[in-house]
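Asker: Mapped onto mature numbering (1 follows the signal peptide of the UniProt record, and there is no 0), the consecutive letters of the sequence shown carry residue numbers -19 to -1, 1 to 123.
Virtual Cβ for every residue (Gly too), placed ideally from N, Cα, C.
There's a structure below that I have some questions on.
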Amino acid sequence: MKKFALVSILSTLSLVAVAQNASTSDTVTISGTERTISLPSQYYKMWPVEFYEYKGAYSLSDGKSLTLFSRGQKMYAKVQDQDAHEIVATASNVFVALDEKLKMRIDLHDDGSVGGELLMLVKRDVAAGNGSAEQLVAVAFR
């Protein structure tokens, strides 16, 4: 009977050791793309007729709206209740503000719906009254 108890204890301890080794070696690393707003070294040449397709107001998932418009040869983006930002095209459907405060990807679908994402730097208050800092916020188109 003592041998049976000893074998049971040793079996249990060996299973625990194997389980610990398996859990430490089974590590999964998940990486995503880092969201940043930066101007590329070269811009995409967008003709006024191309930008015309993107002009207008878009509803955002946070309840605000984004409006794209032009004045002369310059393109602008304005988020509701914020100042307008001059933008440049970095791809056929991607725009970045020259002040690097906005970046948007606008997907115009054949059925008339719109998808995409708006990245924007917004000011937020810092605790302890030390002023404000900027935070990168991602908002989807609806």
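Going straight from the alpha carbon of residue 51 to that of residue 15, what length do you get?
Answerer: Whole-angstrom Cα-Cα distance: 30 Å.
Asker: Output yes or no for whether 8 Å exceeds the beta carbon distance between residue 49 and residue 35.
Answerer: Yes, Cβ-Cβ distance for residue 49 and residue 35 is below 8 Å.
Asker: Which residues in the same chain have their Cβ closer than 7 Å to the Cβ of residue 71, if we skip the five residues on either side of it in sequence?
Answerer: These residues qualify, in order along the chain: 21, 24, 25, 77.
Asker: Which same chain residues, not among the five before or five after residue 27, have their C-beta less than 6 Å away from its C-beta?
Answerer: The residues are 70.
Asker: Just the Cα atoms here: how many angstroms apart are residue 100 and residue 84?
Answerer: So the alpha carbons of these two residues sit roughly 5 Å apart.
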